[in-house]
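Participant: Residue numbers (this note's numbering): 23 to 121.
From the three backbone atoms N, C-alpha and C, an ideal C-beta is built for every residue, glycine too.
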């Protein structure tokens with residue numbers, strides 16, 4: 023089965039609509055037998071660990087500014103985009119995702 027990489031600004035335990043969708047896709051892919059499932063996301067302003075494994079999904083978090091837990095500004099989203107883009111090159115080379 024292919025290796026999967028999902029990119030989402032937030033991921034559980036941070037919850038919103040996109041975060042729930044990303045988690046559902048990632049966890050179902052892992053249960054379906056993908057070789058590996060990885061998520062590239064934000065550490066929500068340093069509130070979450072840089073890397074962890076949850077429900078057979080490897081979560082890679084980049085440090086991204088975030089003042090409030092439940093809201094994010096355009097500047098915070100842009101900062102995540104720029105930081106994640108730099109991390110994506112190295113992560114892509116490391117896990118070599120198929121999708």
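Strictly by DSSP, which residues pair up with residue 58?
Facilitator: The partner list for residue 58 (beta bridge, DSSP) reads 25.
Participant: Quick one: grab the DSSP three-state call for residue 81.
Facilitator: Three-state result, residue 81: strand.
Participant: Could you name the residues of the same chain whose beta carbon sits closer than 8 angstroms to that of residue 52, not counting the 5 residues immediately before and after it, in chain order?
Facilitator: Around residue 52: 59, 77, 78, 79.
Participant: Quickly, what does DSSP pair residue 73 with across the bridge? List them, please.
Facilitator: Partner(s): 82.
Participant: Please name the residue or residues paired with residue 64 in a DSSP beta bridge.
Facilitator: 84.
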